[in-house]
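Peer 1: One structure, as structure tokens, below. Some questions next.
Residue numbers (our numbering), protein chains in the order written: chain A, 1 to 580; chain B, 1001 to 1084.
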């Protein structure tokens, strides 16, 4: 067993009440590292592709990483990996903070949960020993309430990952929440709920050795020092919410369900306006020196808001009332639902109302009250909410009449806040993403905002840039390090290899990590193929193809060009014409 | 020419926009650094720090200090990283 690892995972079968330690070979650890990569390897090992994501047989993996617990800044992160109940495809969602450290101290590199508890329960893993405790008293509790009460009940040194009411009701984009942060995309909260679990509580005392502690500490000091520099200043000083005005300025801010790339009231949602007369505060994840969280006051508490929540519950729904967006964000956090999929699905329904396809006259673009009402219905799966709780793709299938053309999703996952017609390298990243349209698995927007490509006219040259950002994301999600650090590296693969050498003692090089990243991307694709993926899934909705962005007539992505980009992507990945 | 600031550059300069005379990107950055000392932390010996981008007339992103600028150009200087 290499330093940095425990060399095993804890496999818990809730149906038969058994927990066992399963060895992980050095080869598997070196090939897949941890986090998303290790999670993908374990899904393949468990045969996850054959099981319905909400069935008892479906595995749910909480994967830690070799860097967790080290002094490297931003390394306190964990990945939740499963098949997505929203997309049916591979899903990995990451979250930060003390749960990652406490989970790894349980003496395992991952916790794999299969089966279904007989009664609504909390799964407690205490220093590696697993048990179920009743959770009926916590049914219906909001995420932060459940977490607080469970820590009071179990002990303050436990760390809790819990679902809210939405996860209990199998909302297909329910999150798993920890310490105010969410493993947010793809519905991992619904998977945990399907196992009749309210939460996973962890506590442990088993630390890993590091191969070269002095070297690791020196690398950590250097990384922390650089994390205070200009490469992270935007996150630290302004937060991601500042993107809204920038994207609006470039005409790339999705507005009214992607019917426009600019929002006339964007200034009302700027960080300055949201915090006018009520100063915002900052917070950090455990073991992070960046401190990207900006908390906006609302009533007698605060709301953490990111660009993605601001765009999805704001401009995408045509809402310019900052208070309404803050309230909507807080309610999503309490219910435990992904703000991007929530906003995307509501915006889709608003357009259906606008086109006369849905008879819900209250659900109009621009109404903050309508967004709040829709969120409540989704969380309760009541009325229209029962339809919207399944996401925009399933809602479009039910509504029919061509509405799938403007359902804002890829593979069923709602598109984040980047207008694909005006950011075409990102459009490719969305189309080919293993978990669907996502900005955390493809950072190709960075390429579009550079002098490397023409953002309104992607060429085959764009493909290698898209692959590079996808590979880098796969490695960061497996080591794990926060992507907000990415700008501090001058030699990303070489520098992260040095960190991994110091932790594990492996003679790993930057070139090896490049190959590792590609292997991890391929493993995600392999799971999708086994789960029934077809080439036709690597595309965008019709809305984005062949028709200019109304607010930017020069932004046209033809179907033919996207298909050529996807084919070139598959070729450069070494996959055949069927993308396999 | 007309220069617009977004994100961290706006914080460092303390303005949203500015009219400046400059024949090249390098000359413009030098002028801004002289006038706004806090702006210098966004520069390297080669020009803009990698975390900062410059966009010319809404179309092309530029980094080369020798990039020629004209009187009627409109330059946006912004934080390059997105995401969240």
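Think of the CB as a built atom: it goes at the ideal place given N, C-alpha and C, for glycine as much as any other residue.
1) Under a Cβ-count criterion, where at least 16 other Cβ atoms within 10 Å of its own Cβ denotes burial, should residue 362 (chain A) be classed as buried or exposed?
2) Beta carbons nearer than 7 Å to chain B: which residues of the stretch 447-476 of chain A have them?
3) Let me know if residue 279 (chain A) comes out buried or exposed under the rule of 16 or more other beta-carbons within 10 Å of its beta-carbon.
4) Taking three-plus beta-carbon pairs below 8 Å as touching, is the stretch 307-317 of chain A in contact with the stretch 329-347 of chain A?
5) What did DSSP end up calling residue 182 (chain A) once you bin it into helix, strand or coil?
6) Skipping 5 residues on each side, what residues in its chain have a beta carbon closer than 6 Å to that of residue 1032 (chain B)?
7) Answer yes or no: do residue 581 (chain A) and residue 368 (chain A) have a C-beta to C-beta separation smaller than 8 Å?
8) Specify, as a first and last residue, the run of the alpha helix (DSSP H) that residue 469 (chain A) falls within.
9) So residue 477 (chain A) and residue 94 (chain A) are supposed to be a Cβ contact under 8 Å. How far apart are they, rounded?
10) Taking DSSP as the reference, what is the three-state secondary structure of residue 528 (chain A)?
11) Name the DSSP beta bridge partners of residue 1040 (chain B), please?
12) From the DSSP output, read off the bridge partner residues of residue 90 (chain A).
13) Tell whether a beta-carbon distance below 8 Å holds between residue 176 (chain A) and residue 160 (chain A).
14) Would you say the beta carbon of residue 429 (chain A) is closer than 7 Å to some non-hydrogen atom of the ligand NAP?
15) With distances taken between CB atoms, is the gap from residue 49 (chain A) to residue 530 (chain A) smaller than 8 Å?
16) With contact counted as at least three CB pairs below 8 Å, one residue from each stretch, are the stretch 55-64 of chain A and the stretch 492-499 of chain A in contact?
17) Does the separation of the CB atoms of residue 338 (chain A) and residue 433 (chain A) fall below 8 Å?
18) Going by the beta-carbon positions, is the gap between residue 34 (chain A) and residue 481 (chain A) smaller than 8 Å?
19) Specify the secondary structure class of residue 337 (chain A) as computed by DSSP and reduced to three states.
20) Could you check the C-alpha separation between residue 491 (chain A) and residue 507 (chain A) for me, to the nearest Å?
21) For residue 111 (chain A) and residue 9 (chain A), which I take to be in contact (beta-carbon distance under 8 Å), what is that distance rounded to the nearest angstrom?
22) From residue 322 (chain A) to residue 343 (chain A), what does the alpha carbon distance come to, in whole angstroms?
23) Where residue 345 (chain A) and residue 534 (chain A) are concerned, what is the direct C-alpha to C-alpha distance, given to the nearest angstrom?
24) Any contact between the stretch 380-398 of chain A and the stretch 417-434 of chain A? By contact I mean 3 or more CB pairs, one from each, below 8 Å.
25) Establish whether the CB of residue 230 (chain A) and some CB of chain B are separated by less than 8 Å.
26) List the residues that DSSP assigns as beta-bridge partners of residue 77 (chain A).
27) Should residue 124 (chain A) and residue 135 (chain A) be called a contact, given that it needs their Cβ atoms to be closer than 8 Å?
28) Helix, strand or coil for residue 570 (chain A), going by three-state DSSP, please let me know.
Peer 2: Let me spell this out:
1) As a working note, residue 362 (chain A) is residue 362 in the first chain. Of the other Cβ atoms in all chains shown, fewer than 16 fall within 10 Å of the Cβ of residue 362 (chain A); this residue is therefore exposed.
2) 449, 450, 451
3) Here the question's residue 279 (chain A) lines up with position 279 in the first chain. Per the 10 Å Cβ criterion, exposed.
4) yes
5) What you label residue 182 (chain A) is simply residue 182 of the first chain in a count that begins at 1. Of the three classes helix, strand and coil, the one that applies to residue 182 (chain A) here is strand, per DSSP.
6) Here residue 1032 (chain B) corresponds to residue number 32 of the second chain, with the count starting at 1. Setting aside the 5 residues that flank it on each side, residue 1032 (chain B) is surrounded in the same chain by 1039, each with a C-beta closer than 6 Å to its C-beta; the list follows chain order.
7) In this structure chain A extends from 1 to 580, so residue 581 (chain A) is not present and cannot be described.
8) As a position in the first chain, residue 469 (chain A) is number 469, starting the count at 1. Residue 469 (chain A) -> alpha helix (DSSP H) spans 461-479.
9) Mapped onto the first chain, residue 477 (chain A) falls at position 477. Mapped onto the first chain, residue 94 (chain A) falls at position 94. 6 Å between Cβ atoms; contact.
10) Counted from its first residue, the first chain places residue 528 (chain A) at position 528. Helix at residue 528 (chain A).
11) By 1-based counting over the second chain, the position of residue 1040 (chain B) is 40. In DSSP, residue 1040 (chain B) forms no bridge with anything.
12) Stepping through the first chain from its first residue, residue 90 (chain A) is reached at position 90. Here residue 90 (chain A) is bridged, per DSSP, to A:83.
13) Here the question's residue 176 (chain A) lines up with position 176 in the first chain. Here the question's residue 160 (chain A) lines up with position 160 in the first chain. The answer is no: Cβ separation not under 8 Å.
14) You won't find the ligand NAP in this model; it holds no ligand whatsoever.
15) For the purposes of this step, residue 49 (chain A) is taken as the residue at position 49 of the first chain. For the purposes of this step, residue 530 (chain A) is taken as the residue at position 530 of the first chain. Result yes, Cβ atoms of residue 49 (chain A) and residue 530 (chain A) sit closer than 8 Å.
16) no
17) Taking the first chain and counting its residues from 1, the one referred to as residue 338 (chain A) is at position 338. Taking the first chain and counting its residues from 1, the one referred to as residue 433 (chain A) is at position 433. It is not a contact, given that the beta carbons lie outside the stated cut-off.
18) Looking up residue 34 (chain A) in the first chain gives position 34. Looking up residue 481 (chain A) in the first chain gives position 481. Result no, Cβ atoms of residue 34 (chain A) and residue 481 (chain A) do not sit closer than 8 Å.
19) Residue mapping note: residue 337 (chain A) aligns to position 337 of the first chain, counting from 1. Of the three classes helix, strand and coil, the one that applies to residue 337 (chain A) here is strand, per DSSP.
20) Here residue 491 (chain A) refers to the residue found at position 491 when the first chain is read from its first residue. Here residue 507 (chain A) refers to the residue found at position 507 when the first chain is read from its first residue. If I take the Cα positions, the gap works out to 17 Å.
21) Here residue 111 (chain A) is taken as the residue at index 111 of the first chain, counted from 1. Here residue 9 (chain A) is taken as the residue at index 9 of the first chain, counted from 1. About 7 Å separates the two Cβ atoms, so the contact holds.
22) Numbered from 1 along the first chain, position 322 holds the residue referred to as residue 322 (chain A). Numbered from 1 along the first chain, position 343 holds the residue referred to as residue 343 (chain A). Roughly 15 Å separates the two Cα atoms.
23) The residue given as residue 345 (chain A) occupies position 345 in the first chain. The residue given as residue 534 (chain A) occupies position 534 in the first chain. Approximately 24 Å, taken between the alpha carbons.
24) no
25) Along the first chain, one-based indexing puts residue 230 (chain A) at 230. With 8 Å as the cut-off, residue 230 (chain A) counts as an interface residue toward chain B.
26) For the purposes of this step, residue 77 (chain A) is taken as the residue at position 77 of the first chain. Per DSSP, A:96.
27) Taking the first residue of the first chain as position 1, residue 124 (chain A) is located at position 124. Taking the first residue of the first chain as position 1, residue 135 (chain A) is located at position 135. Their beta carbons are not under 8 Å apart, which means residue 124 (chain A) does not touch residue 135 (chain A) by this criterion.
28) In the first chain, counting from the first residue as 1, residue 570 (chain A) sits at position 570. Three-state result, residue 570 (chain A): helix.
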